[in-house]
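Enquirer: The structure's right below; bear with me while I get my questions together.
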Amino acid sequence: MNFGGLRRTRRQPRLALKLAVLIVGVSLMGVTASFLLGTIVHRGQLVDAARQSAERLSLTVRAALEDAMIRNDRALMSNIIDEMGEYGVVSRAWLLDGAGEVYLSTDPEDEGPFRPVASQRRTSSTSADASPGSALQAVLTDHDTLLSTHTLKNAPECQVCHGTDPTVLGHLVLELPMNDLRGQLAASLRPMAVATVTALLLLVGLLIAGVRRLVVRPVEALGDVTARLATGDLDHEIALTSSDEFKELAGAFDQMRRNLKVTMAEKDRRNEELGELNRLAIAAAESSSPHEIARLGLDVLANHLGVEASAAYLAHGHRYRLAASTGLSDAQRPLLERAARASTALEQVLRKGVVIRRGGAFPGCEGVAPCVPGGLQVDERLPLERYPLVEALGGRLTGVYICLPLISRDVIVGVLELVGPGATMASPERVDFLNLLAHEIGVAIHNLSLLSRSREIATLEERDRIARELHDRLAQALAYLKLRASVAEEAAREGRIADVARSLNEIKGVADAACGETREAIFHLRASTRENGQGLVPILRAFAGDCARRYGLDVAVEASDGWEGKALSPDIETQLLLAVQEAVFNACRHARAERVVVSLECPADALRVRVTDDGSGFDLTSTNPKDGYGLRIMRERVEGVGGRMEIRSEAGRGTQVEFALPG
Numbered sequence: 000m001n002f003g004g005l006r007r008t009r010r011q012p013r014l015a016l017k018l019a020v021l022i023v024g025v026s027l028m029g030v031t032a033s034f035l036l037g038t039i040v041h042r043g044q045l046v047d048a049a050r051q052s053a054e055r056l057s058l059t060v061r062a063a064l065e066d067a068m069i070r071n072d073r074a075l076m077s078n079i080i081d082e083m084g085e086y087g088v089v090s091r092a093w094l095l096d097g098a099g100e101v102y103l104s105t106d107p108e109d110e111g112p113f114r115p116v117a118s119q120r121r122t123s124s125t126s127a128d129a130s131p132g133s134a135l136q137a138v139l140t141d142h143d144t145l146l147s148t149h150t151l152k153n154a155p156e157c158q159v160c161h162g163t164d165p166t167v168l169g170h171l172v173l174e175l176p177m178n179d180l181r182g183q184l185a186a187s188l189r190p191m192a193v194a195t196v197t198a199l200l201l202l203v204g205l206l207i208a209g210v211r212r213l214v215v216r217p218v219e220a221l222g223d224v225t226a227r228l229a230t231g232d233l234d235h236e237i238a239l240t241s242s243d244e245f246k247e248l249a250g251a252f253d254q255m256r257r258n259l260k261v262t263m264a265e266k267d268r269r270n271e272e273l274g275e276l277n278r279l280a281i282a283a284a285e286s287s288s289p290h291e292i293a294r295l296g297l298d299v300l301a302n303h304l305g306v307e308a309s310a311a312y313l314a315h316g317h318r319y320r321l322a323a324s325t326g327l328s329d330a331q332r333p334l335l336e337r338a339a340r341a342s343t344a345l346e347q348v349l350r351k352g353v354v355i356r357r358g359g360a361f362p363g364c365e366g367v368a369p370c371v372p373g374g375l376q377v378d379e380r381l382p383l384e385r386y387p388l389v390e391a392l393g394g395r396l397t398g399v400y401i402c403l404p405l406i407s408r409d410v411i412v413g414v415l416e417l418v419g420p421g422a423t424m425a426s427p428e429r430v431d432f433l434n435l436l437a438h439e440i441g442v443a444i445h446n447l448s449l450l451s452r453s454r455e456i457a458t459l460e461e462r463d464r465i466a467r468e469l470h471d472r473l474a475q476a477l478a479y480l481k482l483r484a485s486v487a488e489e490a491a492r493e494g495r496i497a498d499v500a501r502s503l504n505e506i507k508g509v510a511d512a513a514c515g516e517t518r519e520a521i522f523h524l525r526a527s528t529r530e531n532g533q534g535l536v537p538i539l540r541a542f543a544g545d546c547a548r549r550y551g552l553d554v555a556v557e558a559s560d561g562w563e564g565k566a567l568s569p570d571i572e573t574q575l576l577l578a579v580q581e582a583v584f585n586a587c588r589h590a591r592a593e594r595v596v597v598s599l600e601c602p603a604d605a606l607r608v609r610v611t612d613d614g615s616g617f618d619l620t621s622t623n624p625k626d627g628y629g630l631r632i633m634r635e636r637v638e639g640v641g642g643r644m645e646i647r648s649e650a651g652r653g654t655q656v657e658f659a660l661p662g
């Protein structure tokens with residue numbers, strides 16, 4: 000079990016839990032605020048009801064006191080006040096005069112100016128229909144009592160005793176008990192609290208269900224979609240049933256999925272095409288015939304593009320010759336060859352390098368490139384312009400016909416002709432691949448042609464070298480032998496026996512030297528034509544053994560670690576081998592050396608080969624090393640492959656020849 004993953008899950012709650020906590024918190028705050036506001040409003044309603052009762056009671060008491068006040072009957076007024084306190088109608092009552100002095104009170108000890116005790120200070124003004132100075136005013140105290148004040152104004156019937164000057168004769172103050180206010184409020188708040196809690200639970204439940212359906216589920220669905228996309232699953236369609244922004248987001252994800260699917264398919268197609276081209280390049284590099292390269296290219300067309308038939312022609316000057324074909328029967332191939340001999344399409348492609356397209360709807364162009372309108376339609380009879388492959392297939396075009404040149408380095412090396420289904424061949428991607436394939440085939444054929452040409456040149460150069468060797472050595476020896484034979488013949492005719500013997504002795508010496516040089520030249524040729532693929536170091540070591548057996552010359556080959564298994568191009572390896580052999584032969588023939596060391600070094604930026612002998616050497620200041628025939632041949636060989644040659648020698652101290660080539 001993955002406890003680390005479990006801990007991460009606990010530390011990172013899911014979206015549903017986060018939204019649930021948020022909903023509960025917000026709902027609880029809202030319901031609590033609503034409950035407090037309702038409580039305040041309900042308490043105010045209860046206080047208003049009590050105030051209205053106090054005002055009605057004040058009016059009732061005033062009416063009861065009015066007759067006693069008109070008759071100025073203090074005993075009756077005192078009676079009324081005392082009875083209200085006695086029967087618990089009010090907690091206390093006061094009758095004040097115009098100056099605010101206590102005139103009568105339920106408490107006999109209240110005398111003098113009316114001073115409400117601390118328990119009677121106002122906490123809130125709750126008068127609904129009067130302002131200070133009006134006839135009625137009720138104030139709620141902090142001891143849950145209601146203090147009602149009723150102003151007694153100077154009525155006409157009161158003016159008999161009090162005259163007309165004072166407008167206020169006094170005040171009637173009643174303190175009503177509010178002991179049951181808390182009880183009423185608590186009794187009314189219980190059902191309100193139950194209703195509030197019920198509403199809270201319903202609200203939270205509805206909100207959670209709604210958010211789960213409208214938010215959490217779409218987000219989870221999109222999360223599943225992104226997880227599938229992350230794993231590379233691009234086949235599952237992304238769709239939501241909602242009609243809000245989530246549906247638009249799902250549509251955007253689905254469009255992204257489709258685009259990714261198209262992009263991945265395009266990438267896979269391009270990788271497959273590159274793989275086909277790479278395999279073709281490898282196979283073409285191993286091929287020894289342009290016909291085989293053409294056949295390999297046509298196989299790619301048949302296997303990858305699904306062409307119906309194809310043909311490749313090799314260019315020979317301004318003419319062409321069929322190299323390979325696919326999709327044709329044995330009876331159709333002769334028809335193709337006959338039609339190709341007089342094809343205007345092939346001649347046009349070979350001469351101008353244009354691309355002919357017929358049939359189908361090509362992107363941006365149909366006909367001869369650049370765009371020429373009026374291309375053939377499917378199943379339309381061909382015009383006078385002859386297309387060999389179409390004629391070989393019966394003369395009717397049932398798909399797409401393309402004829403394009405095989406070009407390498409601006410050189411047309413052949414023509415490619417094919418017929419395929421229009422549904423695939425006319426797409427821009429297939430046309431691009433076809434152009435790349437044609438270029439790859441053209442490059443491979445051209446490279447093979449250049450390689451063949453370079454081999455021919457190398458053969459001609461070697462023949463020229465052998466001819467110079469024969470001319471400079473054997474031909475001169477034979478000419479000298481002919482001359483000495485004529486001298487000997489003349490001496491014999493004249494009877495000069497001593498001269499004849501001397502001439503014959505010279506002829507024998509020259510003949511022996513010529514035989515030795517001929518055997519040396521044959522050995523040189525045999526040493527330079529060993530099997531390819533052995534590597535330069537093994538060939539030089541074998542050559543050193545031959546020199547020891549033939550000439551008694553001690554040749555040591557010392558190669559650094561970098562040379563073991565070093566792969567050189569065949570041309571560089573051959574020319575370097577011949578140059579080293581020439582240097583060794585020179586040490587043996589001219590310097591009379593007994594030991595030669597061939598050292599091969601491989602620094603970071605170059606390849607160096609040194610041939611050092613212990614022979615007689617020569618003075619570089621008095622002799623131009625470029626004048627010798629052998630030295631000139633060595634220099635030409637090395638410089639021909641991009642290298643250079645340097646000679647170090649002193650008379651009596653041997654010679655060192657260094658060959659350096661770029662790494």
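FYI, in numbering that gives the first Met the number 0 the residues of the sequence shown are 0 to 662.
Backbone N, C-alpha and C define an ideal beta-carbon position, used for all residues, glycine too.
#1: Determine the extent of the alpha helix (DSSP H) in which Cys587 is found, giving its start and end residues.
#2: Could you check which residue in Ala198, Asn302 and Glu156 has the C-alpha nearest to that of Met28?
#3: With a threshold of 8 Å, are at least 3 pairs of Cβ atoms found where one atom belongs to the region 350 to 358 and the other to the region 404 to 421?
#4: Under the rule that 16 or more other beta-carbon atoms within 10 Å means buried, what is Val317, buried or exposed?
#5: Which of the three DSSP states, helix, strand or coil, is assigned to Thr122?
#6: Within 10 angstroms of its Cβ, does Val299 collect 16 or more other Cβ (buried), or is it exposed?
#7: Flag Val597 as yes when its Cβ comes closer than 7 Å to any non-hydrogen atom of the ligand MG, and as no otherwise.
#8: The beta strand (DSSP E) spanning Tyr102 covers which residue range?
#9: Using the beta-carbon count (16 or more within 10 Å), is Ser451 buried or exposed?
#10: Unbroken beta strand (DSSP E) runs of length 3 or more, entirely within the region 595 to 619: which are they?
#11: Please confirm whether Leu388 and Ala310 have their CB atoms less than 8 Å apart.
#12: Measuring straight from C-alpha to C-alpha, what distance separates Val46 and Gly111?
#13: Taking Asp553 as the reference, which of Gly37, Gly494, Leu539 and Gly169 has the closest Cα?
#14: Exposed or buried, which one is Thr611 when buried takes at least 16 other CB atoms within 10 Å?
#15: Roughly how many angstroms lie between the CA atoms of Leu36 and Ala49, to the nearest whole one?
#16: Flag this pair as touching only if the region 145 to 156 and the region 71 to 84 have three or more C-beta atom pairs under 8 Å; answer yes or no.
#17: Assuming Leu16 is part of the alpha helix (DSSP H), what are its boundary residues?
#18: How far does the alpha helix (DSSP H) with Val306 in it extend, from its first residue to its last?
#19: Cutting at 7 Å between CB atoms, please list the residues of its own chain near Ala15, excluding the five before and the five after it.
#20: Okay, do the region 223 to 237 and the region 59 to 68 touch, 3+ Cβ pairs below 8 Å being the bar?
#21: Could you tell me the distance, in whole angstroms, from the CA atom of Leu202 to the CA atom of Thr144?
#22: Answer yes if the region 179 to 195 comes into contact with the region 92 to 99, meaning at least three C-beta pairs across the two stretches below 8 Å, and no otherwise.
#23: Among all the DSSP beta bridges, which residues are the ones paired with Trp93?
#24: Put Thr654 into one of helix, strand or coil per three-state DSSP.
#25: What separation, rounded to the nearest whole angstrom, lies between the Cα atoms of Gly551 and Arg591?
#26: Is Asn585 buried or exposed, if buried means 16 or more other CB atoms sit within 10 Å of its CB?
#27: State the CB to CB distance for the pair Ile281 and Leu447, rounded to an integer number of angstroms; the pair is presumed to be in contact (CB under 8 Å).
#28: Would you identify the three-state DSSP class for Val556, choosing helix, strand or coil?
#29: Rounded to whole angstroms, what is the Cα-Cα separation between Ala474 and Glu461?
#30: Kindly indicate which three-state DSSP category Ile237 falls into: helix, strand or coil?
#31: Do you know offhand how far Leu660's Cα is from Gln574's?
#32: Just verifying my parser: in three-state terms, what is the DSSP assignment at Ala283?
#33: Determine the burial state of Val40: buried for a count of at least 16 other Cβ atoms within 10 Å of its Cβ, exposed for fewer.
Expert: According to the structure data:
#1: Pro569 to Arg588
#2: Ala198
#3: yes
#4: Position check: residue 317 holds His in this sequence, whereas Val was assumed. Burial call: exposed.
#5: Caution applies to Thr122, whose pLDDT of 41 falls short of 50 and renders its modelled position unreliable; the model cannot decide the point.
#6: buried
#7: Among the ligands in the structure shown, none appear at all, so the ligand MG cannot be discussed.
#8: Val101 to Ser104
#9: exposed
#10: 605 to 612
#11: yes
#12: 31 Å
#13: Leu539
#14: buried
#15: 20 Å
#16: no
#17: Leu14 to Ile69
#18: Careful: Val306 lies outside any alpha helix (DSSP H) and carries neither H nor E.
#19: Arg211 and Val215
#20: no
#21: 39 Å
#22: no
#23: Ser104 and Val172
#24: strand
#25: 11 Å
#26: buried
#27: Not quite, the Cβ-Cβ distance comes to about 14 Å (not below 8 Å), so this is no contact.
#28: strand
#29: 18 Å
#30: coil
#31: 11 Å
#32: helix
#33: exposed
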